[in-house]
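**Q** Residue numbers (the numbering used here), protein chains in the order written: chain G, 170 to 310; chain A, 98 to 517.
Heads up, the beta-carbon is just placed ideally off N, CA and C, and yes, glycines get one too.
This one's a predicted model, so the numbers in the text were calculated from it and none came from an experiment.
One structure, as structure tokens, below. Some questions next.
What follows is the structure in structure tokens.
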């Protein structure tokens, strides 16, 4: 009984420790898993298509949103300021269009559910059947 | 080539009209911008500090200048279909010749038939150096301004023409290949707060290769600039007229000519950033077939370290001429006033040919503080050493007086950079 209790507590902790960020796409998207580099290429403006060459629309949260900072930090090791500076080099050089920016996670989920080419990140949470997870990012600590 | 040149002038307009014609489908517009509020002071009384050679004013003798680095830019991006985009960027800043045409930095149509292949037509950035395309976006680079010894001379901001970019996403990294061709016309001031200008009309063509892999970035670019006009036509006319009395004047006229002459850049660049430490360096060899464009080597190296929202950096640069200074001697044995006139002509020729020389080096330290989202505050201290025969990146405060001794200047800069 005691052992069970401990393992339940530990399980709870391990879930807490993995304050995960999920990378999601529309449920109709044929892609089921994505590699780290493929996600980096999309969110850092080095690609505008999914691995199957279908066009991808990246969605971003507003600067200063906690999940945004943790997503980019975990994905690329860069702070939000670094990511914004990096994107400024692409956008103002007229090379790439930046991700579409939305104000909160509910908007993001709704957009991914409605747009077959969307890709976005959200905190781990219950998700509607109209979206699916293609990568999980485990935030260290 | 020349008829292409003429058409290029109307490409931005043409581009927008084309777009207006196809504007029907699911169109998305996006507005964004960048701004810098900068203050700079330089302590040398004889030489005024400027950010690039298109500026006709600057700080000297500890005066405080806000126009050197301050600017505001706005960009309008539109996506007309999955293959067609347009971008228009306007920048307001201190320019020698400030008008709407010069304020349009970019105005182009981009056609992307497949991911990784871009064809752009219109007014485009000159992708000759690492920062070329975003040198006005202070937030995008670590320093107050692009390294002075390197970027000051290289003030070709944009051209009207075409470029083709191919990106290859390989397993280990990303390879970018680009070719470009176009025309531009730019006026440069000839002195401090002077209304006199030098106009340069040129065709630029070139190619760049950029390799990015993890923390590393390497690039090489080549650009050739063909000049379409004679920058110093009155001097050439005067020298031609003097040939019967002074046969050597024909050689000097030849060296002063720019029409039909070329200059070229070979650039190598390197960047490293592991999110804690970063380094960036570039070197360029400028080769020139005319004495009016100073043949020179330029290089800089900067190393920085991030501490949370602070970044500390050191910066060093050098620019040196790769052609000897010219000595022009007027012929002897003519009576007055011809002798005086020939002496004046010889002096003017020497001033023109040597006045463009660039010979300087600098060392600097700075800090960048990302104190809020999309806002950065920077402080930068630099010391420049300028050879008496290489002051062309600066403006002489007393145009009549030659600089007879090597110069030194301490430059202190503060800037606030924002994105919006």
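(1) Helix, strand or coil: which one does DSSP assign to residue 229 (chain G)?
(2) Give a yes or no on whether the minimum CB-CB distance between residue 296 (chain G) and chain A is below 8 Å.
(3) What are the boundary residues of the alpha helix (DSSP H) that includes residue 352 (chain A)?
(4) How about residue 272 (chain G): is its C-beta nearer than 8 Å to some C-beta of chain A?
(5) Rounded to whole angstroms, what's the CA-CA distance from residue 274 (chain A) to residue 364 (chain A)? Just pull it up for me.
(6) What does residue 205 (chain A) reach in chain G if we use C-beta pairs closer than 8 Å?
(7) Let me make sure I understand the geometry here. Which of A:228, A:479, A:500, A:448 has the alpha-carbon closest to that of residue 389 (chain A)?
(8) What residue range is occupied by the uninterrupted alpha helix (DSSP H) comprising residue 309 (chain A)?
(9) Under the three-state reduction of DSSP, which class applies to residue 267 (chain A): helix, strand or coil?
(10) Taking the beta carbon of residue 357 (chain A) as the centre, do at least 16 other beta carbons fall within 10 Å, making it buried, or is it exposed?
(11) Compare the C-beta of residue 305 (chain G) with all C-beta atoms of chain A and state if any pair is closer than 8 Å.
(12) With DSSP collapsed to three states, give me the class of residue 321 (chain A).
(13) For residue 449 (chain A), report the span of its alpha helix (DSSP H) as first-last.
(14) Beta-carbon within less than 6 Å of residue 479 (chain A)'s beta-carbon, same chain only, minus the 5 sequence neighbours each way: which residues are those?
(15) Ordered along the chain, which non-local residues of its own chain (more than five positions away) have a Cβ less than 7 Å from that of residue 323 (chain A)?
(16) Determine the closest residue to residue 247 (chain A) out of A:517, A:350, A:456, A:408, with distance taken between C-alpha atoms.
(17) Ignore the nearest five residues each way along the sequence and tell me which others in residue 269 (chain G)'s own chain have a CB closer than 6 Å to its CB.
(18) When DSSP labels each residue in this structure, what does residue 163 (chain A) get in the three-state scheme?
(19) Name the residues in the stretch 197-218 of chain G whose C-beta lies less than 7 Å from a C-beta of chain A; which are they?
(20) If I'm right that residue 170 (chain A) touches residue 185 (chain A) with Cβ under 8 Å, what's the distance once you round it to whole angstroms?
(21) With a threshold of 8 Å between beta-carbons, can residue 105 (chain A) be considered close to chain G, or not?
(22) With distances taken between CB atoms, is the gap from residue 241 (chain A) to residue 512 (chain A) smaller than 8 Å?
(23) Would you call the CB atoms of residue 208 (chain A) and residue 238 (chain A) closer than 8 Å?
(24) What do you get for residue 327 (chain A), buried or exposed, if any count of 16 or more other CB atoms within 10 angstroms of its CB means buried?
(25) When you compare each of A:304, A:293, A:254, A:396 to residue 281 (chain A) by their alpha carbons, which one comes out closest?
(26) Please tell me whether residue 471 (chain A) and residue 415 (chain A) are closer than 8 Å, where the distance is taken between their beta carbons.
(27) Can you confirm whether the stretch 264-278 of chain G touches the stretch 289-300 of chain G when touching is taken to mean that 3 or more C-beta pairs between the two stretches lie within less than 8 Å?
(28) Near residue 293 (chain G), what residues of its chain come up, given a Cβ to Cβ distance below 6 Å and the 5 sequence neighbours on each side ignored?
(29) Thinking C-alpha only, which one of A:439, A:504, A:194 is nearest residue 338 (chain A)?
(30) Should the stretch 411-425 of chain A be called in touch with the stretch 380-396 of chain A, which here means at least 3 C-beta pairs below 8 Å?
(31) In terms of DSSP beta bridges, what is residue 328 (chain A) paired with?
(32) Mapping DSSP to helix, strand and coil, what is residue 422 (chain A)?
(33) Can you list the residues of chain A that residue 289 (chain G) reaches, using a CB-CB cut of under 7 Å?
(34) Can the beta-carbon of residue 297 (chain A) be found less than 8 Å from the beta-carbon of residue 283 (chain A)?
**A** So, from the listed chains and residues:
(1) strand
(2) no
(3) 346-353
(4) no
(5) 15 Å
(6) 263
(7) A:448
(8) First-last for residue 309 (chain A): 294-310, but that is the beta strand (DSSP E), not the alpha helix (DSSP H).
(9) coil
(10) exposed
(11) no
(12) strand
(13) 435-452
(14) 459, 461, 508
(15) 299, 300, 359
(16) A:456
(17) 228
(18) coil
(19) 210, 215, 216, 217, 218
(20) With a Cβ gap of about 11 Å, residue 170 (chain A) and residue 185 (chain A) do not count as contacting.
(21) Its pLDDT being 47, under 50, residue 105 (chain A) is placed unreliably by the model, and the measurement read from it follows with that caveat. No, because no Cβ of chain G sits closer than 8 Å to the Cβ of residue 105 (chain A).
(22) yes
(23) no
(24) buried
(25) A:254
(26) no
(27) yes
(28) 189, 191
(29) A:439
(30) yes
(31) Paired residues: none, contrary to the question.
(32) coil
(33) By Cβ distance, chain A contributes nothing, its closest Cβ being about 17 Å from residue 289 (chain G), past 7 Å.
(34) yes
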